[in-house]
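Numbering-wise, the sequence shown is residues -32 to -1, 1 to 290 according to mature numbering (1 follows the signal peptide of the UniProt record, and there is no 0). Here's the structure we're looking at; comments come further down.
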Amino acid sequence: MDRNMIKSIFSILQVCVLCCLMFLYGSVNASAAVERLSVKGTFLVNEKGEKVVLKGVSMGWHNWWPRFYNASAVKTLKEQWNCTLIRAAMGVEPEGAYLSNPEKALKCVTAVADAAIANDMYVIIDWHSHGLHTEEAKEFFSQITARYKGVPNVIYEIFNEPVKDTWADVKKYSEDVIACIRAVDKEALILVGTPHWDQDVHLAADDPIKNVHNIMYTLHFYAATHKTSLRERADYALEKGLLLFVSECAGMEASGDGNIDLQEWNKWQVWMKEHAVSWAAWSIADKDETCSMLYPSAPDTGWKSEDLKEWGRIVKEVLLVK
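If you want it as structure tokens, here you go:
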């Protein structure tokens, strides 16, 4: 049996497993307290046409920090952190992530999404990949959209951070995946990745996806690395009419480690406020690095001040300012 046939059989089995899991999990009803979001000009708006800015946090990779993917943690983030948004970062490529263990991935993602809906929050279901996996992504989003069809809380992020792929390749991939989502849900908000870790938004601005509504493009920044030049690039994209959503950001270096640059983080906060850009801070995890908000000794939920590292305290403080 040649490799192509083995790959085809494996793909078919993955689809069968995914369909069975979605059948077991069933569908979810919409929350009456959460409005359908849409895009107008370069802004995210509610059903009345008023600007909306979502603020919250991103979970760490589900395959490494599954213990935080629980309903109680989501409730803590809503009630104690004032989050209106949570991002479920479903790892795709690493060992134990979606491609090798879809059952675990779906269990984690749906636990967070269902809890967000129950707590009247918005949730990003994030295909947390650094490379193209077109067929697998199409299969996943076709099925997960069927589960959350018509639920206004759910936002689909179809490509976390393209690293080596060109905008032409990312654009084609995005068009294919968007078509799968739109075949099920005509109105769901969709986030499209941009090249070079979601920093080359100018490329998407010069050649945006056409004839598709309710899509936004992701911009990621780590404030100690990404400063004025990236804000200027983002300004250019906005001026060209591109709709931006900061689905991942933090205050330290792009590695996720190093010192927090509070001055630059505050500049980004001002910029996002001025442009009504929604954001999610990275990440609810307990890794020994600056960007992980929790200590390894922290419980799975209900974190106290002593459970939070410096970055966690900074993010929580910003979120609590209404």
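Cβ coordinates follow ideal geometry from the N, Cα and C atoms, glycine included.
By Cβ distance below 6 Å, which residues in the same chain neighbour residue i in space, the five residues on each side in sequence not counted?
i, result
"Ala191", "Gly219, Asp229, Glu232, Trp233 and Trp236"
"Ala39", "Ala83"
"Asp168", "Thr162"
"Val283", "Ala249"
"Glu125", "Ile92, Asp94, Leu159 and Ser215"
"Ile183", "Ile158 and Val160"
"Glu63", "none"
With distances taken Cα to Cα, identify the nearest neighbour of residue i among the options.
i, options, result
"Val145", "Gln167, Phe108, Phe11 and Tyr37", "Phe108"
"Lys154", "Ala136, Glu278, Pro130 and Val180", "Val180"
"Val7", "Ser246, Tyr263 and Lys272", "Ser246"
"Ser265", "Asp275, Asn14 and Val(-5)", "Asp275"
"Val214", "His194, Ala249 and Ala1", "Ala249"
"Glu61", "Lys277, Arg201, Ser26 and Phe127", "Phe127"
"residue 308", "Asp137, Lys117 and Glu216", "With the chain represented from -32 up to 290, any question about residue 308 goes unanswered, as that position is not in the structure."
"Ile123", "Val283, Glu3, Gly280 and Trp279", "Glu3"
"Glu221", "His194, Met240 and Glu242", "His194"
"Gln48", "His101, Arg35, Gly24 and Arg55", "Gly24"
"Asn121", "Ala105, Ser142 and Ala81", "Ala81"
"Met89", "Ser273, Gly224, Ala41 and Met240", "Ala41"
"Tyr141", "Glu103, Tyr116 and Tyr37", "Glu103"
"Lys272", "Trp32, Leu45 and Arg35", "Leu45"
"Lys241", "Glu71, Lys132 and Leu287", "Leu287"
"residue 313", "Asn50, Asp256, Trp32 and Glu15", "Absent from the model: residue 313. The displayed extent of the chain is -32 to 290, so no value can be given."
"Ile171", "Leu198, Ser223 and Asp225", "A small fix is needed here, since residue 171 is Leu in this sequence, not Ile. Checking every option, the nearest Cα to that of Leu171 belongs to Leu198."
"Ala136", "Ala202, Leu100 and Cys148", "Leu100"
"Ala1", "Asn87, Gly270, Tyr204 and Ala79", "Asn87"
"Ile54", "Asn227, Ile252 and Lys75", "Ile252"
"Leu212", "Thr186, Ser68, Asp254 and Thr258", "Thr186"
"Lys139", "Cys148, Ala156, Lys178 and Arg150", "Lys178"
"Trp32", "Arg281, Met261 and Lys255", "Lys255"
By Cβ distance, which residues of its chain are closer than 7 Å to residue i, with the 5 residues on each side in sequence left out?
i, result
"Thr134", "Pro163"
"Phe11", "Lys19 and Ala244"
"Glu129", "His98, Gly161, Trp165, Asp166 and His188"
"Ala73", "His30, Met58, Ala65 and Tyr66"
"Phe(-10)", "Any reading at Phe(-10) must be qualified, since the residue scores a pLDDT of 48, below 50, and its modelled position is unreliable; no value is offered."
"Ile112", "Ile93"
"Thr52", "Leu22, Lys23, Gly24, Met89 and Tyr90"
So for residue i, helix, strand or coil by DSSP?
i, result
"Met261", "coil"
"Leu276", "strand"
"Ile146", "helix"
"Ile183", "strand"
"Tyr204", "helix"
"Asp174", "helix"
"His194", "coil"
"Lys117", "coil"
"Trp165", "helix"
"Val289", "coil"
"Asp137", "helix"
"Asn227", "coil"
"Ala39", "helix"
"Ser(-6)", "coil"
"Gln237", "helix"
"Lys154", "coil"
"Ala222", "coil"
"Pro130", "coil"
"Met(-32)", "Low local confidence applies: a pLDDT of 49 at Met(-32) is under 50, so the model's placement there is unreliable, with the coordinate-based value given in what follows. Met(-32) falls in the coil class under three-state DSSP."
"Thr44", "helix"
"Tyr18", "The amino acid at residue 18 is misidentified as Tyr; the sequence shows Glu. Of the three classes helix, strand and coil, the one that applies to Glu18 here is coil, per DSSP."
From the DSSP secondary-structure annotation, give me the bridge partner or partners of residue i.
i, result
"Ser6", "Val13"
"Glu125", "Asp94 and Leu159"
"Trp247", "Lys23 and Val214"
"His188", "Glu216"
"Ile252", "Met27"
If I measure Cβ to Cβ from residue i and keep anything under 8 Å in the same chain, skipping five residues before and after, which residues do I get?
i, result
"Glu209", "First, the residue type needs correcting, since residue 209 is Gly and not Glu in the sequence shown. Cβ within range, chain order: Gly9, Thr10, Ala173 and Pro176."
"Val13", "Leu5, Ser6, Val7, Lys19 and Val20"
"Gly17", "Lys8"
Does the CB of residue i have a neighbour CB from chain C at under 9 Å?
i, result
"Ala192", "In the displayed structure, chain C is absent; only one protein chain is listed."
Problem set entry | 3 or more residues per run - each beta strand (DSSP E) lying fully within the segment 53 to 101 | 53 to 59 and 90 to 96
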